[in-house]
Amino acid sequence: MEKEFFTEYGEASQYQIQEVVGKGSYGVVAAAIDTRTGERVAIKKINDVFEHVSDATRILREVKLLRLLRHPDVVEIKHIMLPPSRREFQDIYVVFELMESDLHQVIRANDDLTAEHYQFFLYQLLRALKYIHGANVFHRDLKPKNILANADCKLKICDFGLARVSFNDAPSAIFWTDYVATRWYRAPELCGSFFSKYTPAIDIWSIGCIFAELLTGRPLFPGKNVVHQLDIITDLLGTPSSETLS
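Just so we're aligned, residue 1 is where the sequence shown starts under UniProt numbering, counting upward by one.
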């Protein structure tokens, strides 16, 4: 399996691949053992990283942020495997701490979660957001699949590929593209024009949607498109005041 997973990377011998735990358009994630430490890790292989500029930018952004952000509720990058030469630099391997599942699977399993579980989950998510926003970072893509989970109920936020940094010392409203976050967890201010002025409140909205889904077992705002998304939000919360809209 190692030969199938790794291309010609000199550091590959340090890791013993056990199983593939995830696949997607980005590549493959495998569980492995670090033979030097005995620690179980997750290795994310991104294929042909330079084929599309947008993908390369997203990967670079995530790696840079996660190497700087160090917090118990944020997934940790342990190592980045480098190719033997620049000429052979096509795939990239990022070594993360290994988590057993994600919050999407936890919600689907619905294994007799108690009020204490919900409280602990929400506490961890808000604590992580306080740290992330304190570093002037907006995640912008919070959803159950981007929150990793362990059997001991430990949660960690991951996937910072769409995150943005505010370079102001004080949190401030910033104009950025709005096509971020999976629609169901997207704040209303991201469902309007192509450019939106928004604040870290967009992440708080996503956490609220995730928490409601934890409690009920189903998405709070499962919009079929942007217009439907706004419709079901206003159906539940009412039409915003003119002051809010302005």
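Virtual Cβ for every residue (Gly too), placed ideally from N, Cα, C.
> Rounded C-beta distance between Asn-136 and Ser-101? I'm assuming under 8 Å.
Replying inline: If you number the sequence shown from 1, residue 136 lands on position 136. If you number the sequence shown from 1, residue 101 lands on position 101. The Cβ separation is near 30 Å, so there is no contact.
> For Ala-212, which three-state DSSP category applies?
Replying inline: Within the sequence shown, the letter at position 212 stands for residue 212. Here Ala-212 sits in helix by DSSP.
> Name the DSSP beta bridge partners of Tyr-15, please?
Replying inline: Counting from 1 along the sequence shown, the entry for residue 15 is found at position 15. Residue pairing of Tyr-15 in beta bridges, as defined by DSSP: Asp-34.
> From Glu-213, Arg-127, Arg-86 and Gln-16, pick the residue whose C-alpha is nearest to that of Arg-108; which is it?
Replying inline: Indexing the sequence shown from 1 puts residue 108 at position 108. Measuring from the Cα of Arg-108, the nearest candidate turns out to be Glu-213.
> What are the boundary residues of the beta strand (DSSP E) that includes His-104?
Replying inline: To locate residue 104, count along the sequence shown from 1; it is residue 104. No beta strand (DSSP E) holds His-104; the alpha helix (DSSP H) holding it covers 103 to 109.
> Who pairs with Phe-96 in a beta bridge, going by DSSP?
Replying inline: Locating residue 96 in the sequence shown gives position 96, where the first residue counts as 1. In DSSP, Phe-96 forms a bridge with Ala-42 and Ile-77.
>> Assuming Lys-156 is part of the alpha helix (DSSP H), what are its boundary residues?
In response: By 1-based counting over the sequence shown, the position of residue 156 is 156. Here Lys-156 belongs to no alpha helix (DSSP H); instead the beta strand (DSSP E) covers 155 to 157.
> Using a Cβ-Cβ cut-off of 7 Å (strictly less than) and excluding sequence neighbours within five positions of Pro-188, which residues of its own chain qualify?
Replying inline: Stepping through the sequence shown from its first residue, residue 188 is reached at position 188. Excluding sequence neighbours, Pro-188 sits near Leu-230 and Ile-233.
>> Is there a Cβ of chain C sitting closer than 8 Å to that of Pro-188, yes or no?
In response: No chain C appears in this structure, which consists of one protein chain only.
>> If we require 4 or more residues per run, which alpha helix (DSSP H) segments fall completely within the region 42 to 69?
In response: 53 to 68
>> Suppose you measure from the CA of Trp-205 to the CA of Ser-13; what does that come to, to the nearest Å?
In response: For the purposes of this step, residue 205 is taken as residue 205 along the sequence shown, with counting starting at 1. For the purposes of this step, residue 13 is taken as residue 13 along the sequence shown, with counting starting at 1. The straight-line gap from Cα to Cα measures roughly 44 Å.
>> Measuring only the C-alpha atoms, how far is Leu-237 from Phe-160?
In response: The count along the sequence shown starts at 1 and reaches residue 237 at position 237. The count along the sequence shown starts at 1 and reaches residue 160 at position 160. In a straight line, the C-alpha of Leu-237 is about 29 Å away from that of Phe-160.
> Taking C-beta to C-beta, are Arg-113 and Ile-207 nearer than 8 Å?
Replying inline: In the sequence shown, counting from the first residue as 1, residue 113 sits at position 113. In the sequence shown, counting from the first residue as 1, residue 207 sits at position 207. Correcting the residue identity first, residue 113 is Leu in this sequence and not Arg. Contact flag unset, no.
>> Less than 8 Å between the beta carbons of Val-41 and Ile-157, yes or no?
In response: Taking the sequence shown and counting its residues from 1, the one referred to as residue 41 is at position 41. Taking the sequence shown and counting its residues from 1, the one referred to as residue 157 is at position 157. Cβ atoms of Val-41 and Ile-157: not closer than 8 Å.
> When the Cα of Lys-45 is compared with those of Val-53, His-71, Val-20 and Glu-88, which residue comes out closest?
Replying inline: Translated into the one-based positions of the sequence shown, residue 45 becomes position 45. Nearest C-alpha to Lys-45: Val-20.
> Any idea which residues DSSP pairs Gly-27 with across the strands?
Replying inline: Sequence index remark: in the sequence shown, residue 27 carries index 27 (1-based). Beta-bridge pairing links Gly-27 to Gly-24 and Ile-46.
> Out of curiosity, what's the CA-to-CA distance linking Ala-30 and Glu-39?
Replying inline: Within the sequence shown, the letter at position 30 stands for residue 30. Within the sequence shown, the letter at position 39 stands for residue 39. Computed Cα separation, rounded: 14 Å.
> What does DSSP give as the partner residues of Val-137 in its beta bridges?
Replying inline: Within the sequence shown, numbered from 1, the residue matching residue 137 stands at position 137. Answer is Val-165, bridged to Val-137.
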